[in-house]
Every structure is written in structure tokens, then in C-alpha cells.
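Note that the protein sequences, when read in sequence, are chains A and B. Position one of the first sequence corresponds to residue 2 (this note's numbering), numbered consecutively onward. Position one of the second sequence corresponds to residue 748 (this note's numbering), numbered consecutively onward. For every residue, glycine included, the Cβ atom is placed at its ideal position computed from N, Cα and C. For clarity, every value in this text was computed on a predicted model and none was experimentally measured. Inspection log for the structure reproduced underneath, given as C-alpha cells.
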Amino acid sequence: MTDWLTPVEWEALGLSAKVAIWSVGLSLPLAVATAYLLTRVDFPGRSVVNGLIHLPLVLPPVVTGYLLLILFGTKGPIGGWLEDTFGIVLAFRWTGAVLAAALMGFPLMVRAIRLSLEGIDPRMESAARTLGAGRAVVFLTISLPQLMPGIIAGAILSFAKGVGEFGATITFVSNIPGETRTLSIAIYSFLQTPTGDAAAIRLTVIAVVLSMAALIASELLARRASRRVKGMEP
Amino acid sequence: MSDAVRPTPVEIPMPLEIDVEKRLGPRFALSVRFEAPGGVTALFGRSGAGKSSLVEMIAGLMRPDRGRIAVGGRPLFDSRAGIDLPPEKRRVGYVFQDARLFPHMTVRRNLLYGQWAGGRRQGAMTLEAVCRLLDIETLLDRRPGALSGGETQRVAIGRALLSDPALLLMDEPLASLDAPRKAEILPFLERLVHETGLPVVYVSHAMEEVIRLADTMALIDDGALAAVGPVEALTGRIDLPLLTGQGEAGAVVGARVVAHDADYALTTLEIEGGGRLQVALLSLAPGTDLRVRLRARDITLSLAPPEAASTLNVLPATVREMARADGAFVHVLVDAGAPLWARVTRLSADRLALSPGKRVHAIVKAGAIDRASLGGRTSRVPGK
């Protein structure tokens, strides 16, 4: 069953999945908070924050990776502090790949959630409050369920981005088998060896299938969730 | 000793105290102060007068710059005492103009939201009682997206009722509905008002709704209180230009059903001051108190009692005041035991030499009094 991929290829695939799942899980709450901040709160410097979040989308991934290395490397201002305070090392570790994937997927996630949030009538929330629900309960019972389409779409897009992330990852955490050699980096590595073509093609097919499946799933789930939210089906 | 000896508890009305100031724009400030007894208080005025802002302040969705809001003596907002309860702590049920049902929940979950999410007690009414009152039993498992406009608004009313409110706010609950839907909901509102006994603040710019539902009327004009008092008292005042617009001007008078004449299909009403009116047969028991709106355009004035006219209702009256003339017509306030308004042309007014103190006869068309111009005044609801 498992012999259609070599152990090395399985390792790359598993690592990619692990990195993507962690990056989605950790960035989701932050993305919801950021989307709220950008949609509902009018604060000075809003466009600056908005720009910063979207920066990874337009910046060359190598640049993003290099900036990560400068900031989060063991000698970097944040990386050094993380290591001294929490003993967390990101550079050249799979945890660093998680950070790179999260950063690259973040704008996609925030955009999808914002789109959903803009469709929610804040007056629904005030109606809920007159019925006795405090802010937290209103968020859980009124806002969150209506945000679901955006959250699902954003999470899946960011997951797909995380599985395939290459430039920032290889720059920040390099290409270490079993530690940071994710799917894309493995494909790149196989292409560097004379006999690696077959393995590269197998992983490429997996990458294409995975990405397509993610896009279709995100579309279907978001559509279903939005139909439910609009009160059209039970 | 037994319970029978105990004196019956005195029913304490729940007064509404409002005294708020709020700057709403560079050129618009709201400053309103009044107290209302229990029952239904109508906030009446043009759109943009500040009625909705006032209601939002009562609900806690808008913060006044200064002032005090209390329901039944319980302060919800008091800038001097530093009290500003959040909306969820106010126990103020709010029926919005646009219903605002939660689209992702069934009607049942919407109705019970105050209880399962808001932590409110069951309150005076059970789900079953509310469903019966509003006739929404069959909608419970549906989604708001599948409801008609009238059904949506009924569910919204039920949702507010089931959150155990101490006060019910209704912000033009009928404004978004067409005439047939309005006619469908009004009887439910009448029933609700009379059966629950909840104090209600009802925002409207439709006189018809005010007459049918309200006891007290507060006129809001340009962010300020123009007048407040019982509906009958305010409609008898000619100095309130808000009430004279749109050909809808008219006095509201208290009346009682005296007798029926089945042969001619007529009902005799006795209005305040002893005058009698014969109107098309009403399905109300003799002795029922009600309110009648007599529109100025349905009343004509004559110096001598008409003898061979087809009109049944002629009331001797004295001219009290003449309103400022506007175009071809002038509104005349006459005293026929109760204050009545008549709309006559300026030409007629001059020909008849109408002036305060002049004795006249007010002629009321019987056909002018229909269901829409009647309002209940007792705990009994006039039959449908």
C-alpha cells in the first residue's frame, strides 16, 4: 500500500502536512482577530497594518525568508530572545518552516475571513445583546457561525499554501532531510540529482492533486456554509 | 389567617423616566425629557426627528451624552450616578424595524435565544403561549430565510417577548410591511399589548397604529419633545402642527358602545361629553369602551342644523380655535362636548364668519368611522 512512494518521499509528504497543519492551527485565531481589527475598528495606521499583512503576497519569497532569518535567526533580535526566554529555536528547524508557511498563508486567510465578516450585519450582534447575550456569547453564537464560510475557505487556502511553500522556507530553514525538507523542497532536491526524475514526478502529481482537492473542498464547504448561514437550508 | 383576608396588592404602574441629551451631528442634537405611565407610549414624529435614536438609547445601543433613563424606578443609565448598563443587562426587549432574525438558526432557536444564549429566565410567557399569541406554532422548525415579511416580524416580536423583558421597544415594527401585512400584524400587537401588560414604547409615524395601540403619546420634533400626554388630549390640540399634516388630521375621542340597531345595521356610540354618533354596525358588546378617530376632512360645519340631509350625525358645537390657514383649507377646532376638528375651505369659513365662540353644528359622516379609526381602550380587545 505504501510502496508507491519511497520512505524519503513519504517523509517529505508527512513533514509538509505537519508543517501546514501547525501553521493553519496557530495562525487561525490571529487571522480572525486581525480580520476583526481591520473590518470593525477604525484606528490610525490601519492601512499600514493592512499593507504589512499583505506584504508576503507580493514580496519575493526569498526576501521574506531572508527577513525571517535576520529577525528569527538564533542571533536575530526576536530569534535570540525566543531562545533565551522559551528555549524555542526556529532557524533550520521544522518549527521555522511552520512560521514561514504561516506568514505566507496569512494574507490569504485574513482576506477570506474579512470577506465573510463584511457580509455580517453588525446590527445582528446588537440584537443578540438586547436579548441578554454578552460580547463573548454573541461572538460564539452569532458572529462565529456566520464567519464559518470564510474561516473554512481561508484555512484550506492557507493549508494548501503551507504544503507547497518553497522560497521563504528554503531561505529561512534550509533543506534538511527529515527536518525541513518539505514537499516542494524535496521536488527541488530530486531535480538536482540525475536519477531523481521519477520521484520528482510522483511528488509533483501529489502536489497537483492536493492543491486541486484543497481548492475544490474549500469552494464546496464555503458554499454550503454560506447557504446555511443565509437560512436557506436546515 | 387565610389568604382571603390579605388586601389585594395594589397594582403599581411601571413608569418610564427619560431625560437624555445627545449630540448626533454638527447641527442636530437630541434633548428629550418625559415620564410616561405604564401601558403603551407612542413616540410619534417625522422620520429623522430622533425617535429611533431615543429608542436605541433606552436599549443601550447608543450612549447619551448626559441624562437618566429608568424603567419602573430601575436606572438603566444615569450619567450623574455613573450608571450605564450594557444592553444585555437592561431587560429591554427590542423589536427592530428590520426584524434582525438570526439567519443561521431555526425559528425555535431564534425565539429561545434570550434563554439559551442570553441566560434569561423563562419569564411570564412560555414558548407555547407566545406561539399561540402570535400564531407561529407551525413555523418553529423553519429558517428565517423561508418566512414571509409578516411571519418574520411576528417571530421577532416573539423573540423579544421570550427574553423576559421589563420593557418592550418597538421601532416601527410595521414600517417595512405592505398594507395587507400591516393589517395582519396589528391585531396581534393589540392582543400582545392587552394580554401581557408589559410597558411598551412604540415608535411610529402612522396615526392609525398609534390610535389602535397607544395610551400615551410623545411627540418628537427635530430632536425635542413637542408634547406628551394621553392620545385623546394631544389630538385635541390644534397647536401641534405635526398632527395636522397629510390630510390625516383629526381628533381622537373616547367613546362607548350604547346600542345596536340590527335592522339598519347601525351602532350607536356615545362620545365624551354625551354626543351620540351612529356608525356602521360594530361587533362589540354594548358598554365596550373604545377610541374613535374623527378625521377633520370627514367633519363639516353648518350654522343651522341640517334638516333634510342624509347625514345622521349632527352635534351642536362651539368654535374654539381656528388654525393658521394653509392653502384652500383651514382647520377649525370645535367643542362638541369633546374636542373635534373640522376641515373647511377658507371661503366657507369666511362666508359662515367662523370665529372663536361661534355656535355651529358639526356634521360627521357615518361612513367615516371604520375599523382603522377605532382603538381599544380596555383590557378587552375589540372583536376581529
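- Annotation for Arg-938 of chain B: the continuous alpha helix (DSSP H) segment containing it runs 926-943.
- Residue state for His-851 of chain B is assigned as coil, using DSSP reduced to three classes.
- Around the CB of Tyr-1011 of chain B, fewer than 16 other CB atoms lie within 10 Å, so the residue is classed as exposed.
- Beta-carbon to beta-carbon, Glu-126 of chain A and Ile-143 of chain A are separated by about 6 Å, close enough to satisfy the 8 Å threshold.
- Using a CB distance cut-off of 9 Å, Val-839 of chain B counts as an interface residue toward chain A.
- Shown here for Arg-115 of chain A: same chain residues with a beta carbon closer than 7 Å to its own, the five before and five after excluded, namely Ala-36, Leu-39 and Thr-40 in chain order.
- With distances taken between CA atoms, Val-767 of chain B lies nearest to B:Leu-801 out of B:Leu-801, B:Phe-791 and B:Tyr-860.
- Not a single CB atom of chain A sits nearer than 9 Å to the CB of Tyr-949 of chain B.
- Within the segment 1048-1113 of chain B, the runs of alpha helix (DSSP H) at least 4 residues long that lie entirely inside it are, in chain order, 1093-1098.
- Contact with chain A is found for Arg-847 of chain B, since one of that chain's Cβ atoms lies less than 9 Å from the residue's Cβ.
- With respect to the C-alpha of Leu-91 of chain A, the residue from A:Ser-212, A:Glu-180, A:Glu-220 and A:Ala-201 having the closest C-alpha is A:Glu-180.
- Cβ neighbours of Ala-922 of chain B within its own chain (closer than 7 Å, five residues either side excluded): Gln-844.
- Annotated three-state conformation of Ile-1046 of chain B is strand, per DSSP.
- Annotated three-state conformation of His-1007 of chain B is strand, per DSSP.
- What Ala-806 of chain B touches in chain A, judged by beta-carbon distance under 9 Å, is Ser-127, Arg-130 and Thr-131, going in chain order.
- With the criterion set as a beta carbon lying under 8 Å from some beta carbon of chain A, the segment 993-1023 of chain B has no members that meet it.
- For Gln-147 of chain A, the enclosing alpha helix (DSSP H) starts and ends at 145-165.
- In the DSSP assignment, Arg-770 of chain B is bridged to B:Ala-776.
- In this structure Gly-861 of chain B touches Asp-911 of chain B by the C-beta definition: roughly 7 Å separates them, less than 8 Å.
- A direct Cα-to-Cα measurement between Arg-1040 of chain B and Pro-123 of chain A gives close to 40 Å.
- Secondary structure at Ala-971 of chain B: strand, using DSSP grouped into helix, strand and coil.
- Excluding residues up to 5 positions away in sequence, Ser-923, Leu-924, Asp-925 and Arg-928 lie with their Cβ nearer than 8 Å to the Cβ of Gly-896 of chain B in the same chain.
- Annotated three-state conformation of Ile-207 of chain A is helix, per DSSP.
- Nearest CB-CB separation between Glu-835 of chain B and chain A: below the 9 Å threshold.
- Judged by DSSP in its simplified three-state form, Leu-832 of chain B adopts coil rather than helix or strand.
- With contacts defined by Cβ atoms closer than 9 Å, Arg-1071 of chain B and Gly-997 of chain B do not form a contacting pair.
- In this chain, Gly-905 of chain B is not harboured by any beta strand (DSSP E); it is covered by the alpha helix (DSSP H) spanning 896-908.
- As a beta-bridge residue in DSSP terms, Leu-915 of chain B pairs with B:Gly-840 and B:Val-947.
- For the 9 Å CB-CB criterion, Ala-1083 of chain B and Leu-1062 of chain B form a contact.
- Here the segment 863-878 of chain B makes contact with the segment 131-146 of chain A; the two share three or more CB pairs at distances below 8 Å.
- Here the alpha carbon of Val-164 of chain A sits roughly 24 Å from the alpha carbon of Leu-148 of chain A.
- Using beta-carbon distances, Arg-41 of chain A does not count as an interface residue toward chain B, since no partner is under 9 Å.
- Sequence-distant Cβ neighbours of Phe-775 of chain B in its own chain, meaning closer than 7 Å and more than five residues away, are Gly-970.
- The count of Cβ pairs closer than 8 Å, one atom from the segment 975-982 of chain B and one from the segment 959-966 of chain B, reaches three, so the stretches are in contact.
- In the DSSP assignment, Met-964 of chain B forms a beta bridge with B:Ala-789 and B:Gly-976.
- Secondary structure note for Ile-1018 of chain B: its beta strand (DSSP E) is the uninterrupted segment 1013-1018.
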